[in-house]
Amino acid sequence: MSLQRVAMTLRRHLYNLLELRDEKPLSGQILNGVLLLLILVNVLAVILESVEEYHRSYASWFWYFEVVSVAIFTIEYLARVWVSVEEGRFGKGWRGRLRFICSPLALIDLLAILPFWLSIFFSIDGRVLRVFRLLRVFKLSRHFSVLEVLGTVLRNESKTLLSAIFVMIVLVILASAGIYMVEREAQPQAFGNIPRAMWWATVTLTTVGYGDVVPVTVAGRIFGILITVLGVGMAALPAGIIASGFTAELARRRDLYELTARKLLQDGDIDARDRRQLIKTREELGLERIDAQQLLRKVSMSSPSVEKTAPQHCPHCGKPLHLSQKNGSQPGA
2 MSLQRVAMTL RRHLYNLLEL RDEKPLSGQI LNGVLLLLIL VNVLAVILES VEEYHRSYAS
62 WFWYFEVVSV AIFTIEYLAR VWVSVEEGRF GKGWRGRLRF ICSPLALIDL LAILPFWLSI
122 FFSIDGRVLR VFRLLRVFKL SRHFSVLEVL GTVLRNESKT LLSAIFVMIV LVILASAGIY
182 MVEREAQPQA FGNIPRAMWW ATVTLTTVGY GDVVPVTVAG RIFGILITVL GVGMAALPAG
242 IIASGFTAEL ARRRDLYELT ARKLLQDGDI DARDRRQLIK TREELGLERI DAQQLLRKVS
302 MSSPSVEKTA PQHCPHCGKP LHLSQKNGSQ PGA
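Under the numbering used here, the first residue of the sequence shown is numbered 2, with each subsequent residue one higher.
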């Protein structure tokens with residue numbers, strides 16, 4: 002066996018360990034669990050290190066843990082860059098690896114280790130490094146598909162969200178000007194100018210209401226009631242946009258998976274290649290296995306011509322589909 006073939010085999014095996022989800026071997030599941038635990042412990046370490054007492058008492062331990070963590074994350078990053086060509090969507094060769102490096106998840110991985118290496122050559126404030134180390138929490142998005150879905154929703158709804166934020170900014174300015182007009186003489190220290198009044202306007206419109214600054218005049222209190230009522234609706238607007246976008250995105254992904262399943266079932270049979278395609282599609286769309294099983298049963302039962310030769314076993318769990326249909330039970334995950 003040539004050296005090149007050995008390298009390709011090793012690269013494929015490493016790709017299965019790092020990137021696959023459903024068909025990940027036991028060693029890959031253990032590796033995935035170790036990396037997930039390391040991310041969580043890193044975030045906890047950054048939080049504890051901000052406590053001056055702990056920082057002084059365990060400074061050396063924090064440093065050793067940081068070195069070990071960065072070493073592991075660096076090896077992980079380089080390994081992911083190396084095996085990225087195994088995933089078709091990035092392409093082959095150095096161009097494929099460059100596309101992977103520029104992808105959001107790869108940039109997060111890079112930001113998780115880059116500040117440490119830069120601090121070796123440049124003088125960087127420890128507090129700044131600590132903040133950058135907190136970015137490692139975003140590495141969790143690689144392990145939880147729902148975070149990737151949320152990121153997609155935020156991108157898709159970015160214009161709508163920006164419009165809602167713009168409206169909120171306008172309302173903050175108007176509320177600040179209004180409370181300044183009616184309260185500036187009674188409380189010049191709190192509402193003596195519009196910029197100073199913006200604090201009250203912001204916490205009132207967002208329905209936080211710290212209570213450190215409150216109107217004392219009758220006109221100010223009436224105005225405060227109006228702003229509070231208005232804020233109840235406006236503060237919920239971004240949450241509603243994200244919630245509706247999340248639901249729409251999940252529906253879109255289920256439709257895409259169902260469309261893929263229908264195309265593969267056109268010949269009335271699902272072979273090993275089709276099974277791999279369904280699993281790959283489900284992973285790319287971030288669908289739960291139970292959702293994919295239900296959609297596959299729906300597709301297999303919807304067409305009489307397909308039902309005769311429909312797949313007898315689920316490609317995700319291997320359990321008989323016809324038993325699940327008769328009993329109404331769900332195949333195991």
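Using N, Cα and C, we set each Cβ at its ideal position, and we do this for glycine too. None of these values were measured; they are calculated from a predicted model.
Euclidean distance between Cα positions of residue i and residue j
i    : j    : result
I226 : F247 : 33 Å
L175 : M182 : 11 Å
L45  : D275 : 43 Å
L18  : R143 : 14 Å
R253 : L148 : 16 Å
L141 : I180 : 44 Å
L297 : E285 : 16 Å
T207 : N43  : 32 Å
L162 : A178 : 24 Å
G210 : Y258 : 45 Å
M9   : V71  : 27 Å
L32  : R12  : 16 Å
N157 : S51  : 36 Å
K309 : A273 : With a pLDDT of 47 at K309, under the threshold of 50, the predicted position of this residue should be treated as unreliable, and no value is reported.
I40  : A220 : 53 Å
A113 : R131 : 11 Å
A249 : L37  : 29 Å
A237 : S164 : 14 Å
G34  : S3   : 33 Å
A60  : F145 : 32 Å
A202 : A262 : 52 Å
R98  : G232 : 47 Å
P239 : G287 : 24 Å
Q294 : V150 : 20 Å
L135 : V7   : 38 Å
G29  : F74  : 16 Å
G212 : W64  : 42 Å
V68  : P26  : 29 Å
L260 : G152 : 23 Å
I121 : I76  : 18 Å
Per-residue DSSP class, three states only, for residue i
i    : result
T75  : helix
Y59  : coil
A187 : coil
V7   : helix
S104 : coil
V214 : coil
L288 : coil
G342 : In the structure displayed, the chain extends from 2 to 334; residue 342 sits before or after that span and is not available.
F139 : helix
T208 : coil
L15  : helix
I125 : coil
F66  : helix
G179 : helix
D110 : helix
N157 : helix
F167 : helix
K299 : helix
T145 : In the sequence on display, residue 145 carries Phe and not Thr. Reduced to three states, the DSSP call for F145 is coil.
G97  : helix
E88  : coil
E20  : coil
I271 : coil
Other residues of its chain near residue i: CB distance less than 7 Å, five sequence neighbours each side excluded
i    : result
D292 : R255
L15  : A80, V84
R197 : A191
M199 : V173, S177
I242 : E158, T161, L162, A165
F66  : A46
S193 : It is Gly, not Ser, that sits at residue 193 in the sequence shown. So the qualifying residues of the chain are R185.
W95  : none
Chain B contact for residue i (CB, 9 Å cutoff)
i   : result
V44 : Looking for chain B here will not work: only one protein chain is present.
Residue i CB to nearest heavy atom of the ligand ATP below 8 Å
i    : result
T205 : Judged by which ligands are present, the structure shown has none, so any question about the ligand ATP falls away.
Residue range of the unbroken alpha helix (DSSP H) whose run includes residue i
i    : result
F247 : 219-265
I48  : 27-50
Sequence-distant residues of its chain with Cβ nearer than 6 Å to residue i (five each side left out)
i    : result
A107 : F101
P216 : E184, R222, G225
V138 : V44
D110 : Y78
H56  : E50
F167 : none
F91  : S85, G97, R100, F101
Cβ shell of residue i (< 8 Å), same chain only, five flanking positions each side left out
i    : result
I125 : P116, L119
V82  : R98, F101, I102, A107
V129 : P116
E87  : R12, R13, Y16, E20
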